[in-house]
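Worksheet: one structure, shown below.
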Amino acid sequence: MSRPAPHLVPVPSETVKTHCPYCAFQCGMEVTTIRGASPSLRIVANPDFPVNRGQMCIKGFTSGALLDHPQRILSPMLRQGGRLVPTSWDDALDFVAERLLTLQRAHGKPSVGVFGSGALTNEKAYLLGKFARVALGTPNIDYNGRYCMSSAAAGQNRAFGIDRGLPFPVSDIAETQTLMLWGSNCAETMPPIMQWVYAQKERGGSLIVVDPRQTDTARSATLHLQPTPGTDLLLANGLLAIALERDLVDHDYVARRTEGFEDLRRQLLGIDTTYVERVTGVSLDKQQRAVEMLARAESSMLLSGRGAEQQSKGTETVLAFTNLMLALGKVGKPASGYGCLTGQGNGQGGREHGQKADQLPGYRLIEDPEHRAAIARVWGVPPESLPGKGKSAYELLDSMGPKGGVRAMLIFGSNVVVASPHASNIQNKLDQLELLVVCDAFENETAQSAHVVLPIAQFGEEVGTLTNLEGRVILREQVRPAPTGVKTDLEILYELARRLGHEEGFHFDSSEAVFDELRRATAGGKADYSGISYEKIRAEQGIFWPCPGEGHPGTPRLFQERFAFPSGRARLHVVPHRPAAELPDADYPLFFTTGRYKEHYNSGAQTRRVPQLEDAKPEPRVQVHPRLAQELGVVEGQGLLVESRRGSVTFAVTVSRDIRPDTLFAPFHWGGKQAANLLTVPALDPYSRMPEFKVCAVRARPVGADGPKRQR
122 MSRPAPHLVP
132 VPSETVKTHC
142 PYCAFQCGME
152 VTTIRGASPS
162 LRIVANPDFP
172 VNRGQMCIKG
182 FTSGALLDHP
192 QRILSPMLRQ
202 GGRLVPTSWD
212 DALDFVAERL
222 LTLQRAHGKP
232 SVGVFGSGAL
242 TNEKAYLLGK
252 FARVALGTPN
262 IDYNGRYCMS
272 SAAAGQNRAF
282 GIDRGLPFPV
292 SDIAETQTLM
302 LWGSNCAETM
312 PPIMQWVYAQ
322 KERGGSLIVV
332 DPRQTDTARS
342 ATLHLQPTPG
352 TDLLLANGLL
362 AIALERDLVD
372 HDYVARRTEG
382 FEDLRRQLLG
392 IDTTYVERVT
402 GVSLDKQQRA
412 VEMLARAESS
422 MLLSGRGAEQ
432 QSKGTETVLA
442 FTNLMLALGK
452 VGKPASGYGC
462 LTGQGNGQGG
472 REHGQKADQL
482 PGYRLIEDPE
492 HRAAIARVWG
502 VPPESLPGKG
512 KSAYELLDSM
522 GPKGGVRAML
532 IFGSNVVVAS
542 PHASNIQNKL
552 DQLELLVVCD
562 AFENETAQSA
572 HVVLPIAQFG
582 EEVGTLTNLE
592 GRVILREQVR
602 PAPTGVKTDL
612 EILYELARRL
622 GHEEGFHFDS
632 SEAVFDELRR
642 ATAGGKADYS
652 GISYEKIRAE
662 QGIFWPCPGE
672 GHPGTPRLFQ
682 ERFAFPSGRA
692 RLHVVPHRPA
702 AELPDADYPL
712 FFTTGRYKEH
722 YNSGAQTRRV
732 PQLEDAKPEP
742 RVQVHPRLAQ
752 ELGVVEGQGL
762 LVESRRGSVT
772 FAVTVSRDIR
782 PDTLFAPFHW
792 GGKQAANLLT
802 VPALDPYSRM
812 PEFKVCAVRA
822 RPVGADGPKR
832 QR
């Protein structure tokens, strides 16, 4: 049987309409190949795609630079004599398969782990989950989306019965009267979405931004709430307590469409508003104004981002958001409700189709016997052969090495040593592996520890679907063939499955054939894609799931009539405040929080290689309030040593009034000695298993300075 080639389709000579390889906004773009002695690509924003409408950020415009980058890996690499050296595909794949089989015979199937990515297409995410559970038989698969949107997903599932980032199209943002952005600096992280925010304001709408920093997004706000890091849950509870006190709750809506209100009401009646003001640092006056703006508007919307979610109580914070918007009677009404601004390109689809430890395709649960049986029928295997629930992302990485039991790890599209909290611990765990296989286009920081690196096709070189932040399934088209020497992830999975004795079930002639099986696997599930096809996506510029049948148009708006529980009612939850896992103290007296630059993306493995982006932001800088800078004795551009209980990083200083005097902020796009995640704490949310990236305790002093007067 011939090797499948999902990316080998005729390359059109005309301009190709496709999508950006970065964030979950998934801007439509038009890519034109300019022929000649040195072919080049011209990339412009697609004016007709209804999400970005001709706008795009600098990352999208420069994305073509990665395809012919001189540092791109174009041959498999095998570690020999301590160095990665080029080898043939057969030798590399034979080596990997032999080592996997040997390790599993000696230590059991769970000794192999698989780590995926929110950057993978739906087809890749689906086949990776199938590969882990069928070809490897391991429960240990998770993905970096656990670090992104897992708390919002857990909260929405508990409140609404279903998780879709935005339960409405992004265009609804422009129609709402009051918009609250909580923990999202989307002006930097997702710039094209701001057109909808500006349109909302131009229509006379109000914008509330909740963020410890005065960000570019906050500068656009009608009202800015600047809470102490880690107090978002308390603040959200406090806002609902004010709504109860002022009788701003929509009691008719609550009675008709929710359950659990009385328990919640009793808990909130005990909240002391002066305590909320003191702990959060947000004045009672501002809290009252925010509640009035949300409640009295005919339509209002709360959208959350990582600032509120990447905490050890992120799920409970999201539940406090859903409590607030449900109690105000906004969810499911026109241009109203709660939604999450998904970060990664396919963060939504990535967890829907099986690369998350507890889930099977279609958002089915791996521990539900009926769900297991449904997927087993599609895969042609006995239900009892499927492994159970595995470890979550950080727990999976932390279990690497003989002591933890995971002796081999296959990583697809994730730079875990930069992206994970307590990064030095993850580096140490990677070094203990008996086999580390990294599938990537570049030798990133994680690949530097690999035994085998397998070069993959990039965006523009293959076809595949993604699901954007709205739940719109879109299609990334091929712009050109992949260069000689690389394979797609689908090809790699097939070749490994074949060598492991599981060729059947992994041989597909195209990515569309994989998608057709995915459609069958999701039929009847919460995330039902069965009525979506490549042809339908191309004709409609994307289809919203659920789409349960060929004639179904898709579902742009959820919750208009019912929620996804048998009762049809949403669920309110009692979520008492609790502090962050690590608070400032006498030894580490400052808060530290992380975030993004507009020019870079996630671990920076791609964007730090693009000259235009690297020139714009060549290094991470720590943001310091002028008062704190004076206290520390540090000035603009000077080195500041920032230490936590886990590690230390020296950053150049940016002095800015945009940050709280008790807080330091730095971006997390760099690795090595510049990695912000050397400082962060791996405290995990009990529901989502999301690490607490946004809050930890640090101290700081100017580089070369000693003594208590210059340290805090």
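Just so you know, we're using my numbering here: the sequence shown kicks off at 122 and counts up by one.
Glycine included, every Cβ here is placed at the ideal spot set by N, Cα and C.
Nothing here was measured: the structure is a model prediction, and the numbers come from that model.
Tell me which residues share the same chain as residue i and place their Cβ nearer than 6 Å to its Cβ, disregarding the 5 neighbours each side in the sequence.
i	result
Arg640	Tyr650, Ser651
Thr136	Glu151, Thr153
Ser724	Asn536, Val539, Ala540
Ala299	Just to set this straight, residue 299 is Thr in the shown sequence, not Ala. Excluding residues within five positions, the ones whose Cβ falls inside 6 Å are Ser327, Met414, Leu415, Ala418, Ser421.
His790	His721, Gly725
Tyr718	Lys738, Pro788
Glu671	Gly652
Val370	Ala364, Ala448
Phe665	Gly592, Arg593, Gly675, Thr676, Pro677
Please return the same chain residues whose Cβ sits closer than 7 Å to the Cβ of residue i, not counting the five positions on each side in sequence.
i	result
Pro604	Leu195
Leu554	Met521, Gly522, Arg528, Ala529, Met530
Arg699	Lys434
Ala275	Thr436, Tyr808, Ser809
Ile547	Leu518, Val537, Val538, Ser541
Ala357	Thr438, Ala441, Phe442, Leu445
His190	Arg730
Pro288	Gly458, Gly460, Arg678, Leu679, Phe680
Lys550	Leu518, Asp519, Met521, Gly522
Which residues in the same chain have their Cβ closer than 8 Å to the Cβ of residue i, if we skip the five residues on either side of it in sequence?
i	result
Ser769	Leu762, Val763, Leu799, Leu800
Leu390	Ala362, Leu365
Arg124	Any reading at Arg124 needs caution, since the residue's pLDDT is 48, under 50, leaving its predicted position unreliable; the model's value is listed next. Taken in chain order, the residues that qualify are Glu612, Tyr615, Glu616.
Arg833	Pro710, Leu711, Leu749, Glu752, Leu753, Arg820, Ala821, Arg822
Gln176	Cys148, Ala166, Pro312, Pro313, Gln316
Under a three-way DSSP split, which group does residue i fall into?
i	result
Lys608	strand
Val364	The sequence shown places Ala at residue 364, not Val. If DSSP states are grouped into helix, strand and coil, Ala364 belongs with the helices.
Trp666	coil
Gly402	coil
Val318	helix
Leu328	strand
Met198	strand
Val635	helix
Pro747	helix
Tyr374	helix
Val594	strand
Val166	In the sequence under discussion, the amino acid at residue 166 is Ala, which differs from the Val named in the question. Three-state DSSP puts Ala166 in a strand.
Gln569	helix
Pro127	Confidence at Pro127 is low in this model, with a pLDDT of 47, below 50, so the placement of that residue should be treated as unreliable; the coordinate-derived value is given next. Reduced to three states, the DSSP call for Pro127 is coil.
Ile155	strand
His492	helix
Val439	helix
Lys657	helix
Leu587	strand
Asp337	coil
Ala497	helix
Leu344	strand
What whole-angstrom Cβ distance do residue i and residue j have, given they're in contact under 8 Å?
i	j	result
Thr771	Gly758	Not quite, the Cβ-Cβ distance comes to about 13 Å (not below 8 Å), so this is no contact.
Val695	Gln388	5 Å
Ser861	Val439	Residue 861 is absent from the structure shown; the chain starts at 122 and stops at 833.
Gln469	Arg659	Going by Cβ atoms, the distance from Gln469 to Arg659 rounds to 20 Å, so no, they are not a contact pair.
Thr728	Phe814	Actually they are not in contact, since the Cβ atoms of Thr728 and Phe814 sit about 19 Å apart, beyond 8 Å.
Glu430	Gly304	7 Å
Does any heavy atom of the ligand PLP sit closer than 8 Å to the C-beta of residue i?
i	result
Val375	In the structure on display, the ligand PLP does not appear, and there are no ligands present to speak of.
**OP:** Could you tell me whether the stretch 586 to 601 touches the stretch 193 to 208, using the rule of 3 or more Cβ pairs below 8 Å?
**Re:** no
**OP:** Report yes or no: do three or more beta-carbon pairs, one from the stretch 275 to 287 and one from the stretch 504 to 512, lie closer than 8 Å?
**Re:** no
**OP:** Quick one: which unbroken beta strand (DSSP E) runs of 3-plus residues sit fully inside the stretch 217 to 301? Chain order, please.
**Re:** 233 to 237, 262 to 264
Original post:
Does the stretch 570 to 590 come close enough to the stretch 174 to 189 that 3 or more CB-CB pairs lie under 8 Å?
Top reply: yes
Original post:
Would you call the stretch 242 to 260 and the stretch 379 to 399 touching, i.e. three or more CB-CB distances under 8 Å?
Top reply: no
**OP:** Could you tell me whether the stretch 623 to 641 touches the stretch 559 to 573, using the rule of 3 or more Cβ pairs below 8 Å?
**Re:** no
Subject >> Length at least 4, wholly inside the stretch 383 to 434: the alpha helix (DSSP H) runs in chain order >> reply: 394 to 401, 405 to 417, 427 to 430
**OP:** Could you name each continuous alpha helix (DSSP H) segment of 4 residues or more that falls completely within the stretch 504 to 552, going from the start of the chain to the end?
**Re:** DSSP assignment within the stretch 504 to 552 yields the following whole alpha helix (DSSP H) runs of 4 residues or more, N-terminal first: 514 to 519, 537 to 540, 544 to 552.
**OP:** Kindly provide the ranges of any beta strand (DSSP E) runs that are 3 or more residues long and lie completely inside the stretch 769 to 831, ordered along the chain.
**Re:** 769 to 776, 784 to 788, 802 to 805, 817 to 823
Original post:
Is it true that the stretch 444 to 461 meets the stretch 322 to 338, where meeting means three or more beta-carbon pairs spaced less than 8 Å apart?
Top reply: When Cβ pairs closer than 8 Å are counted between the two stretches, the stretch 444 to 461 is seen not to touch the stretch 322 to 338, the count staying below three.
Subject >> Complete alpha helix (DSSP H) runs within the stretch 451 to 492 (minimum length 4 residues, chain order) >> reply: DSSP runs (the alpha helix (DSSP H)) wholly in the stretch 451 to 492: 468 to 473.
Original post:
Per the contact definition of three or more C-beta pairs closer than 8 Å, is the stretch 230 to 238 in contact with the stretch 480 to 487?
Top reply: Here the stretch 480 to 487 does not lie against the stretch 230 to 238, with fewer than 3 beta-carbon pairs under 8 Å apart.
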